[in-house]
Amino acid sequence: MRRRGVDRRPHDPEELVLYTAATTRLLAAAGESGGGFKAPTIAEFFPGVIAFEGTLFEFNRIMLVRVIGAVALCLLFWAASRRVSLVPGRGQGVAEMALDFVRVNIAQEVLGKDSRRYVPMLTTLFFAILAFNITGVIPLLNIAGTSLMGLPLVLAAWVYVVYLAAGVKAHHGVGAFLKSNLFPPGVPPVLYLLITPIEILQVFLFRPATLAIRLTANMIAGHLLLVLSFAATQFFFFEATGAIKAIGALSLAAGFAFTLFELLVAALQAYIFTLLAAVYINLSTEAH
Amino acid sequence: MADSTILAEVVGNVATIGYGLATLGPGIGLGILIGKTVEGIARQPEVAGQLRTTMFIGVAFVEVLALLGLIAGFLFPSA
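Just so you know, the sequences run in chain order A and B. Using the working numbering, read the first sequence as starting at 302 and increasing by one per residue. Using the working numbering, read the second sequence as starting at 13 and increasing by one per residue.
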């Protein structure tokens with residue numbers, strides 16, 4: 302009762318296993334025989350400890366990258382603002398353009414006339430995130446300071462506290478703030494059964510959580526993409542044989558393309574984080 | 013009828029295709045979102061700045077779904 306053509310090919314389970322799993326095996330053959338292709342794993346983000354091992358202040362490569370990023374950022378702005386003049390020089394001009402971008406395109410665009418108070422915070426957020434993101438594509442540093450959850454979590458917690466405080470202050474009291482945000486007017490009361498739990502989760506959990514997760518996940522994905530490209534290049538050039546070597550040129554080109562793409566992502570994520578911070582402040586302060 | 017025949021056998025981890033599936037929805041979402049923004053800008057170039065800002069807010073919300081798919085792969089690795 303077999304269908305025709307089914308067993309035309311000899312059925313060999315071993316072969317099928319090999320066939321379906323061939324690609325994953327190729328990727329997963331990490332260092333079993335000395336050589337072979339080493340696929341990047343999440344362990345990339347937990348490098349060995351450099352100093353203070355076993356204490357609360359364990360210091361590893363990513364921490365070092367963060368310190369370098371912070372120092373570089375401070376130095377750049379210090380250099381730009383050292384001799385401030387009415388007619389800006391080249392460095393001052395660039396710095397003013399960058400600061401103006403946050404003030405006009407983020408703060409004023411979203412918060413309107415209310416924006417002045419939040420410009421320092423939004424500026425700090427934008428440039429800190431940009432500096433820590435951009436370390437991911439700088440040679441020798443090669444990992445984003447924001448690619449571990451800790452740093453984005455601190456920044457998101459800052460935004461969280463600020464938008465809650467701003468909301469309470471704008472509505473003159475916790476009760477009025479909660480009423481305005483959790484019970485939006487103009488809705489049939491029955492729907493509050495549905496809307497209020499969603500809004501509670503939104504305001505108190507999803508907004509800060511997604512801020513931090515979005516930034517971290519973007520940086521993790523970007524770093525793994527770059528590692529994959531360049532590890533594949535190394536594998537194709539030095540360990541593959543024959544015509545397959547040529548594919549290395551392709552993966553090398555992809556690596557450079559992704560590096561440029563990561564540069565874009567670094568700036569875009571800084572922009573989105575800051576923009577959403579402004580939007581959340583605006584949502585909690587405006588009267589519904 | 014007694015002898016069954018295995019037509020194809022899939023061995024491996026379903027998580028391998030998981031992220032591919034997780035990108036489908038956000039991909040469609042981003043397409044609609046950005047396409048509509050382009051339409052809007054083409055109709056009314058004078059509000060381009062405002063449309064772009066709103067688009068990026070929307071992009072952020074859509075994109076986080078795709079990234080949750082990425083995170084899930086790391087959170088629930090195969091045995």
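Every residue, glycine too, gets a C-beta built ideally from N, C-alpha and C. As the structure is a prediction and not an experimental result, all values here were calculated from the model.
CA-CA distance, residue i and residue j?
i, j, result
"Q393 (chain A)", "L431 (chain A)", "19 angstroms"
"V403 (chain A)", "N519 (chain A)", "21 angstroms"
"L561 (chain A)", "L525 (chain A)", "15 angstroms"
"L527 (chain A)", "V438 (chain A)", "9 angstroms"
"A322 (chain A)", "G24 (chain B)", "The predicted position of A322 (chain A) is uncertain, since its pLDDT is 40 and thus under 50; a value taken from the coordinates is nonetheless stated next. Taking the straight line from one Cα to the other gives about 6 angstroms."
"D401 (chain A)", "Q409 (chain A)", "10 angstroms"
"A281 (chain A)", "V504 (chain A)", "What the structure shows of chain A is the stretch from 302 to 589, and residue 281 (chain A) is not part of that stretch, so it cannot be assessed."
"H312 (chain A)", "T342 (chain A)", "Because the pLDDT of H312 (chain A) is 46, which lies under 50, any placement of that residue in the model is unreliable, and the number read from its coordinates should be weighed accordingly. Going from the Cα of H312 (chain A) to the Cα of T342 (chain A) covers about 35 angstroms."
"V395 (chain A)", "G355 (chain A)", "43 angstroms"
Can you tell which of the options has its C-alpha closest to the C-alpha of residue i?
i, options, result
"A373 (chain A)", "A:L492, A:A458, A:Q409, A:T436", "A:T436"
"A593 (chain A)", "B:F86, B:V76, B:G81", "There is no way to answer for residue 593 (chain A), as the model of chain A reaches only from 302 to 589."
"G37 (chain B)", "B:V71, B:F88, B:F86", "B:V71"
"F68 (chain B)", "A:I573, A:E587, A:A588", "A:I573"
"L412 (chain A)", "A:A588, A:I501, A:A579", "A:A579"
"A522 (chain A)", "A:V350, A:A445, A:V462", "A:A445"
"L506 (chain A)", "A:L561, A:T342, A:V462", "A:V462"
"A554 (chain A)", "A:V491, A:G543, A:T534, A:V504", "A:T534"
Could you work out which residues of chain A lie near residue i, taking near to mean beta carbons separated by less than 8 angstroms?
i, result
"I53 (chain B)", "By Cβ distance, chain A contributes nothing, its closest Cβ being about 16 angstroms from I53 (chain B), past 8 angstroms."
Among the residues of its own chain, which have a CB less than 8 angstroms from the CB of residue i, if the five just before and after it don't count?
i, result
"I369 (chain A)", "T436, L442"
"S585 (chain A)", "Y464, L465, A467, G468, A471, F478, N482, V504"
Alpha helix (DSSP H) containing residue i: first to last residue?
i, result
"A344 (chain A)", "No alpha helix (DSSP H) holds A344 (chain A); DSSP gives it neither H nor E."
"M450 (chain A)", "No alpha helix (DSSP H) holds M450 (chain A); DSSP gives it neither H nor E."
"V566 (chain A)", "548-586"
"D15 (chain B)", "Note, D15 (chain B): premise wrong, no alpha helix (DSSP H); not H, not E."
"Y493 (chain A)", "493-502"
"T3 (chain B)", "No answer is possible for residue 3 (chain B): it lies beyond the span of chain B, which begins at 13 and ends at 91."
Near residue i, which residues of its chain fall below 7 angstroms by C-beta distance, leaving aside the five closest residues on each side in sequence?
i, result
"R537 (chain A)", "In the sequence on display, residue 537 (chain A) carries Phe and not Arg. Here the set comprises I545, K546, I548, G549, S552."
"I53 (chain B)", "A60, L63"
"G556 (chain A)", "L527, S530, F531, T534"
Since residue i meets chain B, which of its residues come closer than 7 angstroms, beta carbon to beta carbon?
i, result
"N434 (chain A)", "The premise fails here: N434 (chain A) is roughly 15 angstroms from chain B at the closest Cβ pair, so nothing lies under 7 angstroms."
"N583 (chain A)", "Those within 7 angstroms of N583 (chain A) in chain B number zero; the least Cβ separation is about 11 angstroms."
"I363 (chain A)", "Result: empty, since nearest Cβ-Cβ is about 17 angstroms, beyond 7 angstroms."
For residue i, report the span of its beta strand (DSSP E) as first-last.
i, result
"I351 (chain A)", "350-352"
Output, in chain order, the set of chain C residues within a Cβ distance shorter than 9 angstroms of residue i.
i, result
"N482 (chain A)", "The structure shown contains no chain C; the protein chains it does contain are A and B."
Residues of chain B with CB closer than 9 angstroms to the CB of residue i, please, in chain order.
i, result
"L576 (chain A)", "T65, F68, I69, A72"
Grab me the residues of residue i's own chain with a C-beta within less than 6 angstroms of its C-beta, minus the 5 sequence neighbours each way, in chain order.
i, result
"F353 (chain A)", "E359, F360"
"R367 (chain A)", "G446"
Along chain A, which residues have their Cβ under 7 angstroms away from the Cβ of residue i?
i, result
"V76 (chain B)", "T511, I514, R515"
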